[in-house]
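Chemist: Numbering (our numbering), first residue to last: 1097 to 1381.
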Ligand SMILES: NC(=O)c1ccc[n+]([C@@H]2O[C@H](COP(=O)([O-])OP(=O)(O)OC[C@H]3O[C@@H](n4cnc5c(N)ncnc54)[C@H](OP(=O)(O)O)[C@@H]3O)[C@@H](O)[C@H]2O)c1
């Protein structure tokens, strides 16, 4: 066990805040960093990186959405004496050929895997928590999720499991050096099945509707998403429809010694917390 400080990037995000909590419970000193965290860290401001990296033993790296910056970051980490890097990448990072989608992940992996430091890469599937803490939440609350996803199922993974895996790797120096873990949930579900479970557990009529990638781009742009970003997100669904990342793996069970959490387990927790209820209109509004 190392008692050195772990720098947690993306510390306000879905995985980072859960990883930070686990490390603190374990007794590992944590430096929580992001643009709005106690330690300010901005991928677009390399001048601030050395202060965040000072006296750090290990880094949980949540990479930026553009290719490039992780190379410079890894060089700084090497220069100031960091020993270990754990990168949050994503399923398919190595399978999407020349596609523009995933270039950010591939660039981050190249930087981390090419470093002289001890490294581990985590490649999770799409997160369960996208349905209540991220992009799918508002459409579900409104009653309909429309995506360019059909019959190819996705082995959604619970972010609590991703955080358990990251914390295990970060607190077991040496055991996971040079490993790439493909992390999935226990079974693959179509988006229609996922929304059906959410609808049942929340006691509300919530529908899933399949749309074309072009319709999805148009819908995202109408919501204010930039055209390039909209095409980028839509491309992910086109790639998922190819079925390259639909299989489940045993990596999480091998890493943690237990089965991954089910989607149903996630749905009942989130529904009980009121995730998909319409807000009550307050009097006079
Ligand atoms: N969602 C999925 O299904 C999924 C699946 C596999 C892999 N991934 C990967 O997971 C990563 C996202 O991780 P997450 O879901 O834990 O985070 P998240 O919930 O998307 O939150 C993003 C985090 O990054 C920070 N951040 C944003 N812009 C930043 C900048 N310019 N400089 C420094 N920090 C910045 C944010 O905090 P501040 O706003 O305070 O800066 C926040 O803590 C992405 O790389 C994505 O590819 C996601």
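Cβ coordinates follow ideal geometry from the N, Cα and C atoms, glycine included.
Is residue 1102 near ligand 1, judged by its Cβ being under 8 Å from some heavy atom?
Modeler: Because no heavy atom of ligand 1 lies under 8 Å away, the Cβ of residue 1102 does not count as near it: no.
Chemist: Go ahead and pull the three-state DSSP assignment for residue 1097.
Modeler: Any reading at residue 1097 needs caution, since the residue's pLDDT is 37, under 50, leaving its predicted position unreliable; the model's value is listed next. If DSSP states are grouped into helix, strand and coil, residue 1097 belongs with coil.
Chemist: Just grab the DSSP bridge partners of residue 1216 for me.
Modeler: Note: residue 1216 sits in a beta bridge opposite 1182 and 1275.
Chemist: What residue ranges within the region 1105 to 1161 form continuous beta strand (DSSP E) runs of no fewer than 3 residues, ordered along the chain?
Modeler: For the region 1105 to 1161, whole beta strand (DSSP E) runs of length 3 or above, ordered along the chain, are 1126 to 1130 and 1152 to 1158.
Chemist: Residue range of the alpha helix (DSSP H) that residue 1263 falls in?
Modeler: Segment 1255 to 1266, the alpha helix (DSSP H) holding residue 1263.
Chemist: Can you give me the C-alpha to C-alpha distance between residue 1328 and residue 1361, rounded to a whole angstrom?
Modeler: If I take the Cα positions, the gap works out to 30 Å.
Chemist: Measuring only the C-alpha atoms, how far is residue 1276 from residue 1376?
Modeler: Distance between the alpha carbons of residue 1276 and residue 1376: 45 Å.
Chemist: Smallest Cα separation from residue 1166: which of 1144, 1200 and 1149?
Modeler: Considering only alpha carbons, the answer is 1200.
Chemist: Starting from residue 1311, trace the beta strand (DSSP E) in both directions and tell me its first and last residue.
Modeler: Unbroken run through residue 1311 is the alpha helix (DSSP H), 1309 to 1318; no beta strand (DSSP E).
Chemist: Between the Cα of residue 1189 and the Cα atoms of 1182, 1236, 1116 and 1198, which residue gives the shortest distance?
Modeler: Nearest of 1182, 1236, 1116 and 1198 to residue 1189, Cα basis: 1198.
Chemist: Let me know the secondary structure DSSP gives residue 1303 once reduced to three states.
Modeler: Here residue 1303 sits in strand by DSSP.
Chemist: Looking at ligand 1, does it come within less than 8 Å of residue 1336, judged from the CB to the closest heavy atom?
Modeler: Checking the Cβ of residue 1336 against ligand 1 gives no.
Chemist: Taking its Cβ as the centre, do 16 or more other Cβ atoms sit within 10 Å of residue 1249, making it buried, or is it exposed?
Modeler: Buried: at least 16 other Cβ atoms inside 10 Å.
Chemist: Shorter than 8 Å, the distance from the beta carbon of residue 1221 to the closest heavy atom of ligand 1, or not?
Modeler: True, at least one ligand heavy atom lies under 8 Å from that Cβ.
Chemist: Assuming residue 1176 and residue 1157 are in contact, meaning their beta carbons sit under 8 Å apart, how far apart are those beta carbons, in whole angstroms?
Modeler: About 15 Å; that fails the 8 Å criterion.
Chemist: For the 8 Å Cβ check, are there 3 or more pairs between the region 1106 to 1116 and the region 1139 to 1152?
Modeler: Not touching, per the Cβ criterion.
Chemist: Smallest Cα separation from residue 1186: which of 1334, 1218 and 1339?
Modeler: If we check each option's Cα against that of residue 1186, 1218 comes out closest.
Chemist: With a threshold of 7 Å on Cβ separation, who are the neighbours of residue 1308 within its own chain once the five nearest residues in sequence on each side are excluded?
Modeler: So the qualifying residues of the chain are 1244.
Chemist: Give every residue of the same chain whose Cβ lies closer than 8 Å to the Cβ of residue 1215, excluding the five residues on either side of it in the sequence, and list them in chain order.
Modeler: The residues are 1180, 1181, 1182, 1183, 1208, 1209, 1273 and 1274.
Chemist: In this structure, how does DSSP classify residue 1240 when only helix, strand and coil are distinguished?
Modeler: Looking at residue 1240 - three-state DSSP - the assignment turns out to be strand.
Chemist: If you draw a straight line from the alpha carbon of residue 1106 to that of residue 1127, how long is it in whole angstroms?
Modeler: Each residue's Cα considered, the two are about 11 Å apart.
Chemist: To the nearest angstrom, report how far apart residue 1280 and residue 1313 are at their CA atoms.
Modeler: Using only the alpha carbons, I get a separation of about 27 Å.
Chemist: Using only the heavy atoms of ligand 1, determine whether one of them is closer than 8 Å to the beta carbon of residue 1340.
Modeler: No, since every heavy atom of ligand 1 falls outside the 8 Å radius drawn around the Cβ of residue 1340.
Chemist: If we ignore side chains and look at the alpha-carbon of each, how far apart do residue 1371 and residue 1269 end up?
Modeler: One C-alpha to the other measures close to 37 Å.
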